[in-house]
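Inspection log for the structure reproduced underneath, given as structure tokens.
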Amino acid sequence: MAEKKIPKSVQDELTGLRAEIEQHNYSYYVLDNPTVADAEYDRLFDRMLAIEKEYPQLVTPDSPSQRVGAAPSEKFEPAPHRIQMLSLQKVTKAEEFADFDRRVKDGIGKSSDDNIEYAFEPKLDGLAVELVYENGLLTIGSTRGDGTVGENITVNLKTVRSLPLRLSDKSAKIYPLLEVRGEVIMRKSEFARLNQTQEEMGLPPFANPRNSAAGSLRQLDSRITASRPLYFYAYGISEQNLPGLETHTQVMDFLRAERFIVNKHIAVAKGIKDVEKQFNKLDSIRADLDYDIDGAVIKVNSFADQVRLGQVSRAPRWAIAWKFAAETAETILEDVLFSVGRTGTVTPVASLKPVRVGGVTVKSASLHNEDELKEKDVRIGDTVIIRRAGDVIPEVVAVVLEKRKGHPEPLEYPNNCPSCGQPIHRPEGEAAHRCFNPACPAQVVEKIFHFAGKGGMDIEGLGGKLAFQLAKKGLVVSLADIYFLTKDDLLPLDLMAEKRAQNLIDAIEQSKDRPLPAIINALGIPGVGETAAVLLAERYGSIDKLALAGVDEMNDIGGIGPIVAQSIAGFFGPEENCLMIDRMKKGGVKFIPFKSERREVAAIAGKTFVITGTLSKPRDHFKKLIENAGGKVSSTVSKKTDYLLAGESAGSKLDKATKLGVAILDEDKFNMMID
Ligand SMILES: [Zn+2]
Numbered sequence: 014m015a016e017k018k019i020p021k022s023v024q025d026e027l028t029g030l031r032a033e034i035e036q037h038n039y040s041y042y043v044l045d046n047p048t049v050a051d052a053e054y055d056r057l058f059d060r061m062l063a064i065e066k067e068y069p070q071l072v073t074p075d076s077p078s079q080r081v082g083a084a085p086s087e088k089f090e091p092a093p094h095r096i097q098m099l100s101l102q103k104v105t106k107a108e109e110f111a112d113f114d115r116r117v118k119d120g121i122g123k124s125s126d127d128n129i130e131y132a133f134e135p136k137l138d139g140l141a142v143e144l145v146y147e148n149g150l151l152t153i154g155s156t157r158g159d160g161t162v163g164e165n166i167t168v169n170l171k172t173v174r175s176l177p178l179r180l181s182d183k184s185a186k187i188y189p190l191l192e193v194r195g196e197v198i199m200r201k202s203e204f205a206r207l208n209q210t211q212e213e214m215g216l217p218p219f220a221n222p223r224n225s226a227a228g229s230l231r232q233l234d235s236r237i238t239a240s241r242p243l244y245f246y247a248y249g250i251s252e253q254n255l256p257g258l259e260t261h262t263q264v265m266d267f268l269r270a271e272r273f274i275v276n277k278h279i280a281v282a283k284g285i286k287d288v289e290k291q292f293n294k295l296d297s298i299r300a301d302l303d304y305d306i307d308g309a310v311i312k313v314n315s316f317a318d319q320v321r322l323g324q325v326s327r328a329p330r331w332a333i334a335w336k337f338a339a340e341t342a343e344t345i346l347e348d349v350l351f352s353v354g355r356t357g358t359v360t361p362v363a364s365l366k367p368v369r370v371g372g373v374t375v376k377s378a379s380l381h382n383e384d385e386l387k388e389k390d391v392r393i394g395d396t397v398i399i400r401r402a403g404d405v406i407p408e409v410v411a412v413v414l415e416k417r418k419g420h421p422e423p424l425e426y427p428n429n430c431p432s433c434g435q436p437i438h439r440p441e442g443e444a445a446h447r448c449f450n451p452a453c454p455a456q457v458v459e460k461i462f463h464f465a466g467k468g469g470m471d472i473e474g475l476g477g478k479l480a481f482q483l484a485k486k487g488l489v490v491s492l493a494d495i496y497f498l499t500k501d502d503l504l505p506l507d508l509m510a511e512k513r514a515q516n517l518i519d520a521i522e523q524s525k526d527r528p529l530p531a532i533i534n535a536l537g538i539p540g541v542g543e544t545a546a547v548l549l550a551e552r553y554g555s556i557d558k559l560a561l562a563g564v565d566e567m568n569d570i571g572g573i574g575p576i577v578a579q580s581i582a583g584f585f586g587p588e589e590n591c592l593m594i595d596r597m598k599k600g601g602v603k604f605i606p607f608k609s610e611r612r613e614v615a616a617i618a619g620k621t622f623v624i625t626g627t628l629s630k631p632r633d634h635f636k637k638l639i640e641n642a643g644g645k646v647s648s649t650v651s652k653k654t655d656y657l658l659a660g661e662s663a664g665s666k667l668d669k670a671t672k673l674g675v676a677i678l679d680e681d682k683f684n685m686m687i688d
């Protein structure tokens, strides 16, 4: 098929869209300061994809479309590093760092009284990678591998939205070849969210953020990588002799200006006392950081001195990793309890003799699932090693077999739910056991708690303790029962006085008006959180239509994957959930139909409007209407303007539009168009 001729206006629009999308990426992922609503971002992105689909010859390696991943590859090709990626020697004590400092001074002929200038930075616990920019364009991204040869994971790395696909033109000219090195990590908060979804879907959770970052990055299907929240933190470049870059801190400033994420805790430290001070400071804030670090990296700041010091085997003489004391501890496993989650997942939890790990006392740790339990073969009374990474739930790493006393029995997974006593089973292909009894008290407690939460029905005063009482007394078995509670039901409960009971009744009353996305979220369908709930509400508009939606149809909604679509259909399949929705309606929940403000209007989508003159409502009102319909509003009339919306006493803009032959609309015509 012959390629379509490309109109200049299309090329211009595409260039504009790409710049705008990358600017939003930068604000969101690098500056942590979103500048656009998700829906608007999606609109820009979809428009760009539409153009690229029509004119495939316009797809470039640095187009933001390359960030969504591509079809799976068979394997990763080897990627040799032009300059070896060295590994660092490690120290754990101040005295050992002092030895390093002495060797540095000897190496560059400084006296023992001199204070060396060091660049001090947190050592991120992620996966080291190298990005090669040729003439400004990201051409190869690879893992560290053995330091000499890594794996080519370019397609996957491009999906990491915080890393630039292209350098500035100026830098591309000065540095036709630039190899940037850094660490790909997953943030703790996002790791927790990812694991929650994994568990809800019955998939095995990841052990820690590092594992999940490494696993996500080495997916043969880069679309999976694209769906994972990964960040690239630059920590250096491969060379020490590039023009204008004489110290490590200058490189960091340069990379920051080139829109890389550079860690904000990087500092200059003069001499060992200062380094020690920085190290202690870092240790004290480490629990508050949203990413795992395992120590600090300290580098001689001057490149000239680095070159003079050189390297020994595969480690530089000018840098060292100072690691925190290990965050593992030994303790006794006193018992294994099985807890039941909101979706019925039964999880083994180790009950431990309290032990200090990484600054906190740990009394329990997750054992994840049956496979983990079998693999680790922990038994009651065993001495076990506990690891705690940041504020992630502590886990049992291994049993110290030499310390096992007697012959404890291997642990058996229970056959029955610890809460309701009904048989539990492990569905085909899932890692987790589940209790399928919808009236299971442990699940009901978790369901009520989730249902009443802020992002759900927002019933103030209905917390965990009250949920427990309601479930235990059998007052709430199905979520719909909440809407039939009376003051007489509540008053006999613990700590329930007249006033509190009335407040709760009022809060329940108010929740009947909650918008559809909140209700969908509140239902606790596995895999459906706040974001998916909005997408579903926008697509279906009512709970009844959603209940009838097919799997394929839901799968077509961007942002809803096949597993989640399956899960939604599964939720509305059983009769009891449909009856529950009916009872909620009878109980007064309004299920107000949801009307998305954003509805693309073909006549307006992609068109540029200018608004002028006095209209019946403020200009912002019309601006919003146009934007929700997929159009753009600009402030000046140009050849690119498609329509001028002109009210009373329009002035120079009307003249200019007339001169340029821009179509002019009055309010009536505009209203017809938008309807
Ligand atoms: Zn149960």
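Take the sequence shown: its position 213, counting from 1, is numbered 226 in the working numbering, and each next residue is one higher. Think of the CB as a built atom: it goes at the ideal place given N, C-alpha and C, for glycine as much as any other residue.
- Within the same chain, and ignoring the five residues on either side of Q324 in sequence, the residues whose Cβ sits closer than 7 Å to its Cβ are L99, R330.
- With a cut-off of 7 Å, the C-beta of S432 is classified as near ligand 1, since at least one heavy atom of the ligand falls inside that distance.
- For ligand 1, no non-hydrogen atom lies closer than 7 Å to the CB of A480.
- If you look at L180, you'll find it isn't in any alpha helix (DSSP H); DSSP assigns it neither H nor E.
- Rounded to the nearest angstrom, the gap between the Cα atoms of M685 and A616 is 10 Å.
- When the alpha-carbon of E90 is set against those of E164, I581, E67, E289, the nearest one is in E164.
- Beta-carbon to beta-carbon, V310 and A332 are separated by about 6 Å, close enough to satisfy the 8 Å threshold.
- In its chain, beyond the 5 residues on either side, I472, L475 have a beta carbon closer than 6 Å to the beta carbon of A465.
- For T262, the uninterrupted alpha helix (DSSP H) segment begins and ends at 261-270.
- Between A226 and L144, the alpha-carbon positions lie close to 17 Å from each other.
- Sequence-distant Cβ neighbours of Q79 in its own chain, meaning closer than 6 Å and more than five residues away, are K171.
- Separation of the CB atoms of L498 and L488 is rounded to 7 Å, and the pair is thereby assigned contact status at 8 Å.
- Residue environment analysis places G477 among the exposed positions, since fewer than 16 neighbouring C-beta atoms fall within 10 angstroms of its C-beta.
- Burial is judged here by how many other beta carbons sit within 10 angstroms of a residue's own beta carbon; I298 has fewer than 16 and is exposed.
- As computed with DSSP, C448 is found in a beta bridge with I437.
- Sequence-distant partners of V564 (beyond 5 residues in either direction) whose C-beta falls short of 7 Å from its own C-beta, in its chain, are A578, Q579, A582.
- Non-local beta-carbon contacts of R632 in its own chain, meaning distances under 6 Å to residues more than five positions away in sequence, involve I624 in chain order.
- The beta carbon of Y553 sits closer than 7 Å to the beta carbons of L559, A562 from its chain, once the five residues preceding and following it are set aside; these are given in chain order.
- With fewer than 16 other CB atoms across the displayed protein chains lying within 10 angstroms of its CB, V373 is exposed.
- Judged by DSSP secondary structure, P222 falls within the alpha helix (DSSP H) whose first and last residues are 222-230.
- Nearest to E613 by C-alpha distance, out of G626, V602, L638, is L638.
- A contact is defined here as three or more CB-CB pairs under 8 Å, and the segment 538-548 fails this definition with respect to the segment 446-464.
- Restricting attention to beta strand (DSSP E) runs no shorter than 3 residues, the segment 367-412 encloses them at 373-379, 396-400, 408-412, ordered along the chain.
- When the Cα atoms are used, A141 and A239 turn out to be separated by approximately 18 Å.
- D348 is bridged by DSSP to S364.
- Assignment of beta-bridge partners to E192 by DSSP yields V145.
- Distances from the CB of Q36 to the heavy atoms of ligand 1 are all 7 Å or more.
- The alpha helix (DSSP H) runs lying completely inside the segment 577-649 and spanning 4 residues or more are 588-599, 632-641, given in chain order.
- When secondary structure is reduced to three states using DSSP, T341 falls in the strand class.
- Its Cα nearest to that of N208, the residue I406 stands out among D75, M593, T621, I406.
- The beta-carbon distance between N314 and H261, rounded to whole angstroms, is 5 Å. This is short enough to meet the 8 Å contact definition.
- V264 has its alpha-carbon roughly 11 Å from the corresponding atom of A132.
- Under DSSP, S315 shares a beta bridge with T260.
- Taking the C-beta atoms as reference points, V646 is found no nearer than 8 Å to L657.
- Considered as a whole, the segment 65-117 harbours 91-93 as its complete beta strand (DSSP E) runs of no fewer than 3 residues, in chain order.
- One thing to note: L62 has its Cβ no nearer than 8 Å to the Cβ of L27.
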